[in-house]
Amino acid sequence: MTPLMPRRSDSPPSAAAALRKGRAPNGSARSKAPKGEILNAAARRTAATNGHAAKPLSKRKTAPRNAIVQGDCLPLLRSLPDECVDLAFADPPFNVGFSYDVYRDRKSAQEYEDWCREWIEQIHRVLKPNGSFWLAMGDEFAAELKVLSTREIGFHCRSWVVWYYTFGVNCTRKFTRSHAHLFHLTKDAKAFTFNAEDPEVRVPSARQLVYNDPRANPTGRLPDDTWKYGPFLPPGEATEFRPDAAEGEAQWVIRPQDMPEGFQPGENTWYFPRVAGTFKEREGFHGCQMPEQLLGRIVRVSSNENDLVLDPFAGTGTTPAVAKKLGRDWLGYELSEDYAERAAARLEGITVGDPLNGSDAPTVSAPSTRNGRKRQAGLPKMKPG
Numbered sequence: 004m005t006p007l008m009p010r011r012s013d014s015p016p017s018a019a020a021a022l023r024k025g026r027a028p029n030g031s032a033r034s035k036a037p038k039g040e041i042l043n044a045a046a047r048r049t050a051a052t053n054g055h056a057a058k059p060l061s062k063r064k065t066a067p068r069n070a071i072v073q074g075d076c077l078p079l080l081r082s083l084p085d086e087c088v089d090l091a092f093a094d095p096p097f098n099v100g101f102s103y104d105v106y107r108d109r110k111s112a113q114e115y116e117d118w119c120r121e122w123i124e125q126i127h128r129v130l131k132p133n134g135s136f137w138l139a140m141g142d143e144f145a146a147e148l149k150v151l152s153t154r155e156i157g158f159h160c161r162s163w164v165v166w167y168y169t170f171g172v173n174c175t176r177k178f179t180r181s182h183a184h185l186f187h188l189t190k191d192a193k194a195f196t197f198n199a200e201d202p203e204v205r206v207p208s209a210r211q212l213v214y215n216d217p218r219a220n221p222t223g224r225l226p227d228d229t230w231k232y233g234p235f236l237p238p239g240e241a242t243e244f245r246p247d248a249a250e251g252e253a254q255w256v257i258r259p260q261d262m263p264e265g266f267q268p269g270e271n272t273w274y275f276p277r278v279a280g281t282f283k284e285r286e287g288f289h290g291c292q293m294p295e296q297l298l299g300r301i302v303r304v305s306s307n308e309n310d311l312v313l314d315p316f317a318g319t320g321t322t323p324a325v326a327k328k329l330g331r332d333w334l335g336y337e338l339s340e341d342y343a344e345r346a347a348a349r350l351e352g353i354t355v356g357d358p359l360n361g362s363d364a365p366t367v368s369a370p371s372t373r374n375g376r377k378r379q380a381g382l383p384k385m386k387p388g
């Protein structure tokens with residue numbers, strides 16, 4: 004197979020650019036798409052020959068590919084055939100009262116769990132036997148949905164990953180929350196896609212970075228499921244060891260990039276900064292946007308080129324965007340007409356092989372807080388490095 008080389012389109016502004024500005028390509032006001040319409044132009048043309056656009060909510064013989072479809076994910080999921088999806092990623096509303104344009108994010112606990120049960124059951128049905136489902140969730144319902152997915156629906160939980168990010172929501176009556184949960188769920192406990200040897204998934208080992216051990220695997224290792232800062236720490240302790248102060252107390256680490264070299268987190272606590280308003284990759288029309296590099300790790304490890312990647316809550320289109328860049332087919336459902344149009348426009352501007360946005364080494368690229376802490380303590384400024 005010919006490798007996909009990074010390249011970008013040099014074509015003039017397309018219909019996607021017009022849609023981003025809120026205008027149709029002919030200059031008229033942007034019209035609303037009927038529910039179930041396939042918004043991506045190329046997919047719309049292909050789907051027309053297969054009957055997808057004619058009966059958007061009828062039971063399909065094949066799943067549409069490379070399309071953003073606007074509508075409620077439940078009937079859209081029900082319209083898919085059994086075992087047609089290789090990887091599903093879902094970042095649903097967390098039921099915390101977030102202000103969406105068309106969705107009410109404040110249900111009773113029972114209503115929310117019942118709603119989640121319905122669409123997670125559909126995810127289980129449409130996944131191939133060796134498929135994976137990654138579910139992002141906040142603290143409020145993480146445990147409930149993990150139990151629901153495994154004990155009631157039949158998924159197997161391979162990993163419970165904690166996504167640690169900066170720019171957490173400031174709190175005054177509790178510790179600032181700066182994490183979300185990622186569940187890796189599979190239909191089969193043993194047979195599932197997991198590209199453990201992908202060099203973009205693996206991380207350097209302590210044997211390589213710290214001990215220069217010739218026995219170390221030169222390709223690194225897979226990320227673990229715990230933070231490891233050295234044998235001197237109890238499990239789960241996020242502290243920094245300073246050899247010059249071994250007799251004193253260990254120091255809390257403010258941010259992971261402040262850890263000594265060789266003790267960067269690379270386990271099932273994953274550090275990726277949240278996509279803040281000042282970030283280049285930020286799509287300004289949506290307040291909850293996943294980092295492309297985080298999705299890149301998931302797509303690389305749990306799917307192969309030309310596999311179908313499904314996101315039932317497409318939002319800004321990050322999952323389809325990452326899937327397209329990495330040579331996968333993609334399908335996104337989005338309830339909001341405005342979000343769906345903007346996500347489709349985003350996808351039209353992406354070419355297979357484009358690099359992922361954001362740093363692939365966020366703990367290294369993020370600025371250190373050392374000088375600020377020294378300044379507060381009244382100590383001399385430290386030289387870079």
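So for the sequence shown, this note's numbering puts the first residue at 4; every next one is plus one.
Backbone N, C-alpha and C define an ideal beta-carbon position, used for all residues, glycine too.
- Of Glu308, Arg300, Asp332, the smallest CA-CA separation from Asp314 is found for Asp332.
- Taking one beta carbon from each stretch, the region 130 to 139 and the region 179 to 199 have 3 or more pairs nearer than 8 Å; the two touch.
- The shortest CA-to-CA distance from Lys110 to any of Glu40, Glu143, Glu124 is the one to Glu143.
- Secondary-structure assignment with DSSP links Phe136 through a beta bridge to Ala91, Leu188.
- Counting other Cβ atoms within 10 Å of its Cβ, Glu340 reaches 16 or more and is therefore classed as buried.
- Distances from the alpha-carbon of Gly330 to those of Tyr336, Arg120, Gly299 put Gly299 closest.
- For the pair Leu334 and Gln113, the Cα-to-Cα distance works out to about 29 Å.
- Under the three-state reduction of DSSP, Gly320 is assigned to coil, being neither helix nor strand.
- Going by beta carbons, Pro294 and Gly361 fall inside the 7 Å limit.
- Where Ile301 is concerned, the enclosing alpha helix (DSSP H) starts and stops at 295 to 305.
- Considering only Glu337, Trp166, Lys149, Tyr167, the residue with the shortest C-alpha distance to Cys160 is Lys149.
- In this structure Asp117 is exposed. Its beta-carbon is surrounded by fewer than 16 other beta-carbon atoms within 10 angstroms.
- In the DSSP assignment, Leu79 falls within the unbroken alpha helix (DSSP H) covering 76 to 81.
- By the neighbour-count definition (other C-beta atoms within 10 Å, threshold 16), Arg154 is an exposed residue.
- In this structure, DSSP gives Lys131 an extended state, which the three-state scheme calls strand.
- Taking all protein chains shown into account, Val88 has 16 or more neighbouring C-beta atoms within 10 Å of its C-beta and is therefore buried.
- In the assembly as shown, Asp85 is an exposed residue. Its beta-carbon has fewer than 16 other beta-carbons within 10 Å.
- The straight-line gap separating the alpha-carbon atoms of Thr189 and Leu138 is approximately 11 Å.
- DSSP lists no bridge partner for Arg109.
- Note that the region 340 to 354 touches the region 70 to 78; at least 3 beta-carbon pairs, one per stretch, sit closer than 8 Å.
- DSSP places Leu148 in the uninterrupted alpha helix (DSSP H) bounded by 145 to 150.
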